[in-house]
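Chemist: This is the structure I have questions about; it appears just below.
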Amino acid sequence: MSNPDEIKRELGRRSRRGFLAGGVSLLAAGGGIRWLATSTDFDDGIQSPLRRVFEFNEALWGQKQPGPPVREFPVDAAANPRVNGIIGLFANREFDSDLPPDPLKVHVQGPGGYEATLGAADLANLPRVESTTELKCVEGWSTIVSWSGYRVADLAQKLSLKSTYVGMETPDGAYFVGLDGASALHPQTLLCDTMNGTPLNRLHGGPLRLVIPNKYGVKNLKNIGTIRFTEDRPKDYWAQEGYDWYLGL
Ligand SMILES: Nc1nc2c(c(=O)[nH]1)N[C@H]1C(S)=C(S)[C@@H](COP(=O)(O)O)O[C@H]1N2
Ligand SMILES: [Mo]
């Protein structure tokens with residue numbers, strides 16, 4: 024299901040049925056999700072109190088982000104994940120699976136009107152980190168992937184930026200994620216330019232993508248154009264479609 028319209032329709036259906044099905048399907052796998060996606064007989068009387076429970080959970084959940092460090096795997100356990108979600112990868116260009124990534128150029132914004140534009144050479148001043156973790160999609164699949172890049176925490180420290188939240192978006196603004204600051208600064212949260220030992224291609228988010236294994240795949244924004252350190256909770260593409268804003272594991 025890598026066509027964005029299809030994903031949107033599917034998730035739209037889920038969120039219209041309310042938070043219950045969406046929330047539960049995050050925990051379910053494979054057939055479980057199918058079953059929930061086709062089971063439409065939650066009546067409103069049951070759904071709305073449970074919806075409140077989920078909203079309550081979301082409020083609590085925010086206080087214990089990120090969860091414990093996720094498991095690191097040996098590099099030889101890694102495989103190539105499927106390409107899932109292409110929103111914001113081509114801007115107004117035609118889909119072309121062979122189109123190389125654009126040159127790396129990331130806008131950083133911070134409190135007090137801070138602005139900087141970074142290229143590959145700027146990022147190369149940060150310590151390079153490798154990490155082999157599981158990429159988990161809410162659709163029920165997961166793949167162990169070996170990444171390398173730079174910690175968001177090291178970037179923040181280098182630029183002396185502190186904030187409650189971090190937002191990221193694609194250069195065209197079509198896909199965007201909001202992160203609580205603690206998760207963004209988690210040591211396993213990386214800005215990656217390689218996947219399984221090769222430079223990231225466009226479909227997997229080249230030139231630079233976010234890898235945040237403490238959260239579901241949807242938060243792992245591909246093709247980073249802007250990183251914003253902010254005090255205002257950033258908008259989030261899938262939260263706008265009814266998903267939990269945190270989507271922590
Ligand atoms: N820009 C952008 N980033 C994105 C998406 C997207 O549609 N556009 N999809 C997300 C989803 S739902 C998942 S599961 C992962 C998948 O990463 P992959 O294609 O490298 O497997 O990317 C995430 N990042
Ligand atoms: Mo996903």
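Letter by letter, the sequence shown follows residues 24 to 272 in the working numbering. Just so you know, even glycine gets a beta-carbon here, dropped at the ideal spot from N, CA and C.
Put Ser-38 into one of helix, strand or coil per three-state DSSP.
Modeler: On the sequence shown, residue 38 is found 15 positions in, with the first residue counted as 1. Any reading at Ser-38 must be qualified, since the residue scores a pLDDT of 42, below 50, and its modelled position is unreliable; no value is offered.
Chemist: When the Cα of Val-266 is compared with those of Val-241, Arg-256, Glu-254 and Phe-252, which residue comes out closest?
Modeler: As a first step, residue 266 is located in the sequence shown; it is residue number 243 there, counting from the start. According to the sequence shown, residue 266 is Tyr rather than Val. Among Val-241, Arg-256, Glu-254 and Phe-252, the Cα nearest to that of Tyr-266 is on Val-241.
Chemist: Go ahead and label Gln-263 buried or exposed: buried means 16 or more other beta carbons lie within 10 angstroms of its beta carbon, across all protein chains shown.
Modeler: Position 240 of the sequence shown, counting from 1, holds the residue named residue 263. Result: exposed.
Chemist: For the beta strand (DSSP E) that Lys-181 lies in, which residues bound it at each end?
Modeler: Translated into the one-based positions of the sequence shown, residue 181 becomes position 158. Unbroken run through Lys-181 is the alpha helix (DSSP H), 175-181; no beta strand (DSSP E).
Chemist: Sort Pro-222, Phe-252 and Trp-268 by Cα distance to Asn-246 and report the nearest one.
Modeler: One-based indexing of the sequence shown puts residue 246 at position 223. Ranking Pro-222, Phe-252 and Trp-268 by Cα distance to Asn-246 puts Pro-222 first.
Chemist: Using a 10 Å radius around the Cβ and a threshold of 16 neighbouring Cβ atoms, would you call Phe-199 buried or exposed?
Modeler: Numbered from 1 along the sequence shown, position 176 holds the residue referred to as residue 199. Buried, since its Cβ has 16 or more Cβ neighbours within 10 Å.
Chemist: Just the C-alpha distance for Ser-206 and Arg-116, rounded to the nearest angstrom, thanks.
Modeler: Here residue 206 is taken as the residue at index 183 of the sequence shown, counted from 1. Here residue 116 is taken as the residue at index 93 of the sequence shown, counted from 1. Their backbone Cα atoms lie some 33 Å apart in a straight line.
Chemist: Could you check if Asn-224 belongs to the surroundings of ligand 2, using beta carbon to heavy atom distance under 7 Å?
Modeler: For the purposes of this step, residue 224 is taken as residue 201 along the sequence shown, with counting starting at 1. False, no ligand heavy atom lies under 7 Å from that Cβ.
Chemist: Count the other CB atoms within 10 Å of the CB of Asn-148; is the residue buried (16 or more) or exposed (fewer)?
Modeler: In the sequence shown, the residue the question calls residue 148 occupies position 125. Asn-148 comes out exposed.
Chemist: Distance, Cα to Cα, Leu-270 vs Leu-182?
Modeler: The residue you call residue 270 lines up with position 247 of the sequence shown. The residue you call residue 182 lines up with position 159 of the sequence shown. Leu-270 and Leu-182: Cα-Cα distance of roughly 27 Å.
Chemist: Quick one: what's got a C-beta closer than 6 Å to Asp-255's C-beta in the same chain, skipping five residues either side?
Modeler: Here the question's residue 255 lines up with position 232 in the sequence shown. So no residue of the chain qualifies.
Chemist: By Cβ distance below 6 Å, which residues in the same chain neighbour Gly-133 in space, the five residues on each side in sequence not counted?
Modeler: One-based indexing of the sequence shown puts residue 133 at position 110. Leu-184 and Phe-252.
Chemist: Per DSSP, what kind of secondary structure is Leu-186 in: helix, strand or coil?
Modeler: One-based indexing of the sequence shown puts residue 186 at position 163. Before going on, a small fix: residue 186 reads as Ser here, not Leu. Of the three classes helix, strand and coil, the one that applies to Ser-186 here is coil, per DSSP.
Chemist: Is Asn-237 close to ligand 2? I mean its beta-carbon at under 7 Å from any heavy atom of the ligand.
Modeler: Walking along the sequence shown from the start, residue 237 turns up at place 214. For ligand 2, not one heavy atom lies less than 7 Å from the Cβ of Asn-237.
Chemist: Cβ-heavy atom distance between Val-106 and ligand 1 below 7 Å?
Modeler: By 1-based counting over the sequence shown, the position of residue 106 is 83. Val-106 Cβ: within cutoff of ligand 1.
Chemist: Is it buried or exposed, Tyr-137, if we count other Cβ atoms within 10 angstroms and call 16 or more buried?
Modeler: The residue given as residue 137 occupies position 114 in the sequence shown. Exposed.
Chemist: For ligand 1, is there any heavy atom lying closer than 7 Å to the beta carbon of Asn-115?
Modeler: The sequence position of residue 115 within the sequence shown is 92, counting from 1. Asn-115: no, Cβ never under 7 Å from ligand 1.
Chemist: Since Gly-220 and Ser-169 are thought to touch, with beta carbons under 8 Å apart, how far apart are those beta carbons, to the nearest angstrom?
Modeler: Working through the sequence shown from its first residue, we reach residue 220 at position 197. Working through the sequence shown from its first residue, we reach residue 169 at position 146. Yes, they are in contact, since the Cβ atoms of Gly-220 and Ser-169 sit about 7 Å apart, within 8 Å.
Chemist: So, with DSSP's three-state summary, where would you put Glu-264?
Modeler: Stepping through the sequence shown from its first residue, residue 264 is reached at position 241. Looking at Glu-264 - three-state DSSP - the assignment turns out to be coil, as it is neither helix nor strand.
Chemist: For Glu-162, which option in Arg-105, Pro-97 and Pro-92 has the closest C-alpha, if you only look at C-alpha atoms?
Modeler: Position 139 of the sequence shown holds residue 162. When each option's Cα is compared against that of Glu-162, the closest is Arg-105.
Chemist: How many whole angstroms separate the CB atoms of Gly-172 and Leu-213, which I take to be in contact at a CB cut-off of 8 Å?
Modeler: For the purposes of this step, residue 172 is identified with residue 149 of the sequence shown, where counting begins at 1. For the purposes of this step, residue 213 is identified with residue 190 of the sequence shown, where counting begins at 1. Right, the Cβ-Cβ distance comes to about 5 Å (below 8 Å), so this counts as a contact.
Chemist: How far does the beta strand (DSSP E) with Asp-145 in it reach, from first residue to last?
Modeler: Counting from one through the sequence shown, the residue named residue 145 turns up at place 122. Note, Asp-145: premise wrong, no beta strand (DSSP E); alpha helix (DSSP H) at 143-146.
Chemist: For Gly-228, which residues of its own chain have a beta-carbon under 7 Å away from its beta-carbon, when the five flanking residues on both sides are left out?
Modeler: Walking along the sequence shown from the start, residue 228 turns up at place 205. Once the five neighbours on either side are set aside, the close Cβ partners of Gly-228 are Lys-245 and Asn-246.
Chemist: Go to Ser-120, then tell me how far its beta strand (DSSP E) extends in each direction, as first and last residue.
Modeler: Counting from 1 along the sequence shown, the entry for residue 120 is found at position 97. First-last for Ser-120: undefined, no H or E at that position.
Chemist: May I have the straight-line CA-CA distance separating Glu-153 from Gly-135, to the nearest angstrom?
Modeler: Working through the sequence shown from its first residue, we reach residue 153 at position 130. Working through the sequence shown from its first residue, we reach residue 135 at position 112. Each residue's alpha carbon lies about 32 Å from the other.
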